[in-house]
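Step one of this worksheet: look at the structure below.
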Amino acid sequence: MSFKAPRGTVDLLPKDSKKWRFVEEIIKNICHRFHFEEIRTPLFEHTEVFQRGVGDTTDIVQKEMYTFEDRGGRSLTLRPEGTAPVVRAFVENKLFGDPNQPTKLYYFASMFRYERPQKGRMRQLNQFGVEVLGSANPAVDAEVIDLAMTVYKELGLKSLKLVINSLGDHESRNNHRQALIEHFTPHKDELCKDCQSRLQQNPLRILDCKTDRDHPAMKTAPSILDYLNEESKDYFEQVKDYLTAMNIEYTIDPKLVRGLDYYNHTAFEIMSEAEGFGAITTLAGGGRYNGLVEELGGPATPGIGFGMGVERLLMALEAENIDIPVNNELDCYIVVFGENVEKEAVRITHNLRQSGIQVDKDYQGRKPKGQFKAADRLKAKFVLVLGESELEKQVINVKTMETGEQIEVPLAHLAESIKEKL
988 MSFKAPRGTV DLLPKDSKKW RFVEEIIKNI CHRFHFEEIR TPLFEHTEVF QRGVGDTTDI
1048 VQKEMYTFED RGGRSLTLRP EGTAPVVRAF VENKLFGDPN QPTKLYYFAS MFRYERPQKG
1108 RMRQLNQFGV EVLGSANPAV DAEVIDLAMT VYKELGLKSL KLVINSLGDH ESRNNHRQAL
1168 IEHFTPHKDE LCKDCQSRLQ QNPLRILDCK TDRDHPAMKT APSILDYLNE ESKDYFEQVK
1228 DYLTAMNIEY TIDPKLVRGL DYYNHTAFEI MSEAEGFGAI TTLAGGGRYN GLVEELGGPA
1288 TPGIGFGMGV ERLLMALEAE NIDIPVNNEL DCYIVVFGEN VEKEAVRITH NLRQSGIQVD
1348 KDYQGRKPKG QFKAADRLKA KFVLVLGESE LEKQVINVKT METGEQIEVP LAHLAESIKE
1408 KL
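Take 988 as the starting number for the sequence shown in the working numbering and just add one per residue.
What follows is the structure, given as structure tokens:
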């Protein structure tokens, strides 16, 4: 019987994992410069973390979560998004009590969503995200957007579009909510079943519907920007001013609402405009979520963050023909002549690795010719040739593969010699 990976999942093979590692290191370096620290949360959480944190009316909670009961009868859910778990950890571990505020965190994590697999959208996806908790300063909103844009730009992407919107504060959203209900109620029977239920529960989500996006009522729907109170207007203006000060171009889209209930004030998405990227253009999205910490049992604490799909990032790099530098070379490969030197070859391999040198040897019982071919396939920079005569003299032949030059090096000074050459 043959087995395949479950639908919506893929194997990350060594040739690809090197690219992922390169991208992750670039991102980690950027986070370090922005003074963000890494957090790692469990793969699964109590289901209520997402019901309360993400919202009962969202597609994630209603349709996409992998939820199961453990042997104790507790309802657990595989992590579908990163913000709620980070906020739960923030509250549980009382990070709000740290004198160094705001708390600036980043993570790399697998997410799980039951949805129709398609290009760039999987049931197990990998995400890079950041969360800033403890500051209501609009400059933080701009900093978070700046971090996301910096990641894309430093990796070489140019065909980018930043779209922003304001969802306003609680008062502004309530006024807009009532206007949306009045606007869409006459068209209720013409909307999809999801939007019919959203009309009373969360009418803002109707604007995010993929099924009804071409309905005429969508084009004339009330804009949130017309319902912002003075405080919300001022907040949004400050965010825009900070982005302008950093020379970050943006487009305002009043219909950008994001898919999660916890957003307020700033919402944003970054999209790829590269030719051939695909129908789903969003690379990253996020926004401010003041009130989420209280929802998960913590003190009143403002927050903002974003999630960035790693798979989609790699797709965007490919669409713009950006090569990720991958080192496929091996430092050293040991070729052995004779069975009596195998033990010494193992010892040399161990010692070189302890000295920080990358080295490998034959474990297939190949003849010397086959070992040289293996060294060539592995793109070894140096081949270390050890036979019985070399062992007697306590030396080893070091061949530089690029030039063909070969020298004899005492075994006692091998590590030092290789390091100089590298």
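Glycine included, C-beta positions come from ideal geometry on N, C-alpha and C.
From a predicted model like this one, the values you see are computed outputs, not experimental measurements.
Can you tell me which of the options puts its alpha carbon nearest to the alpha carbon of residue i?
| i | options | result |
| --- | --- | --- |
| Arg1108 | His1174, Val1078, Gln1351, Gly1296 | Gly1296 |
| Leu1304 | Glu1024, Glu1141, Arg1192, Arg1200 | Glu1141 |
| Ala1096 | Ser1062, Glu1025, Asp1156, Asp1057 | Glu1025 |
| Asp998 | Gln1358, His1157, Leu1112, Ile1235 | Leu1112 |
| Arg1340 | Tyr1320, Glu1217, Ile1257, Gly1352 | Tyr1320 |
| Glu1051 | Phe1099, Asn1338, Ser1062 | Phe1099 |
| Tyr1214 | His1252, Phe1369, Asn1162 | Asn1162 |
| Leu1270 | Asn1251, Gly1294, Gly1278 | Gly1294 |
| Asp1406 | Lys1368, Lys1206, Leu1378 | A small correction: the amino acid at residue 1406 is Lys; Asp does not occupy that position in the sequence shown. Answer by Cα proximity: Lys1368. |
| Lys1206 | Lys1242, Met1233, Lys1220 | Lys1242 |
| Glu1379 | Gln1187, Val1328, Arg1103 | Val1328 |
| Ser1227 | Gln1183, Gly1060, Val1127 | Reading the sequence as shown, one finds Lys at residue 1227 and not Ser. Among Gln1183, Gly1060, Val1127, the Cα nearest to that of Lys1227 is on Val1127. |
| Glu1298 | Thr1137, Pro1104, Lys1091, Val1322 | Pro1104 |
| Thr1028 | Leu1065, Leu1398, Glu1326 | Leu1065 |
| Asp1181 | Thr1198, Ala1166, Ile1168, Thr1172 | Thr1198 |
| Pro1355 | Ser1404, Leu1371, Val1322 | Val1322 |
| Asn1189 | Glu1118, Tyr1250, Val1074, Leu1371 | Tyr1250 |
| Asp1464 | Ile1017, Met1302, His1033 | Absent from the model: residue 1464. The displayed extent of the chain is 988 to 1409, so no value can be given. |
| Thr1238 | Leu1000, Leu1147, Lys1106 | Leu1147 |
| Ala1399 | Gly1343, Asn1338, Lys1408, Val1280 | Asn1338 |
| Ile1017 | Gly1116, Val1382, Gly1374 | Gly1116 |
| Ala1417 | Asp1195, Glu1395, Glu1217 | The displayed coordinates of the chain run from 988 to 1409. Any statement about residue 1417 would go beyond what the structure contains. |
| His1033 | Ser1062, Pro1086, Leu1300 | Ser1062 |
| Lys1006 | Asn1315, Leu1279, Leu1409, His1019 | Asn1315 |
| Val1036 | Glu1281, Gln1345, Phe1359 | Glu1281 |
Report the three-state DSSP secondary structure of residue i (helix, strand or coil).
| i | result |
| --- | --- |
| Tyr1093 | strand |
| Asp1368 | The amino acid at residue 1368 is misidentified as Asp; the sequence shows Lys. Residue state, collapsed to three classes: strand. |
| Ile1013 | helix |
| Pro1001 | helix |
| Asn1161 | helix |
| Gln1381 | coil |
| Phe1171 | helix |
| Ile1026 | coil |
| Ile1235 | coil |
| Leu1301 | helix |
| Leu1191 | helix |
| Arg1108 | strand |
| Leu1373 | strand |
Start and end of the alpha helix (DSSP H) containing residue i?
| i | result |
| --- | --- |
| Phe1037 | 1034 to 1040 |
| Phe1223 | 1217 to 1232 |
| Thr1137 | 1125 to 1141 |
| Met1388 | Where Met1388 is concerned, there is no enclosing alpha helix (DSSP H), given that its DSSP letter is neither H nor E. |
| Leu1409 | Unbroken run through Leu1409: none, as it is neither H nor E. |
| Cys1182 | 1180 to 1188 |
| Met988 | Premise fails: Met988 is in no alpha helix (DSSP H) and is neither H nor E. |
| Pro1203 | 1203 to 1206 |
Over what stretch of residues does the beta strand (DSSP E) that includes residue i continue unbroken?
| i | result |
| --- | --- |
| Glu1118 | 1111 to 1120 |
| Ile1151 | 1147 to 1153 |
| Val1396 | 1393 to 1397 |
| Ala1254 | 1251 to 1259 |
Any beta carbon of chain B sitting closer than 8 Å to that of residue i?
| i | result |
| --- | --- |
| Gln1111 | The question asks about chain B, but that chain is absent: this structure has only one protein chain. |
Original post:
What are the complete alpha helix (DSSP H) segments, minimum 4 residues, inside the region 1307 to 1364?
Top reply: 1329 to 1341, 1355 to 1364
Original post:
What are the uninterrupted segments assigned as alpha helix (DSSP H) that are 4 or more residues long and contained completely in the region 1268 to 1295, given in chain order?
Top reply: Unbroken alpha helix (DSSP H) runs of no fewer than 4 residues, entirely contained in the region 1268 to 1295, are found at 1279 to 1282, following chain order.
Original post:
Which whole runs of the alpha helix (DSSP H) in the region 1039 to 1089 are 4 residues long or more, in chain order?
Top reply: 1070 to 1079
**OP:** Determine contact between the region 1272 to 1289 and the region 1077 to 1087, defined as no fewer than three beta-carbon pairs at a distance below 8 Å.
**Re:** yes
Original post:
If we count Cβ pairs, one from each stretch, closer than 8 Å, do we get three or more for the region 1247 to 1265 versus the region 1146 to 1157?
Top reply: yes
Original post:
Would the region 1201 to 1213 and the region 1174 to 1186 be scored as touching if the rule is three or more Cβ pairs under 8 Å?
Top reply: yes
Subject >> the region 1126 to 1143 in contact with the region 1299 to 1314 per 3-pair CB rule at 8 Å >> reply: yes
Original post:
For the 8 Å Cβ check, are there 3 or more pairs between the region 1384 to 1391 and the region 1359 to 1374?
Top reply: yes
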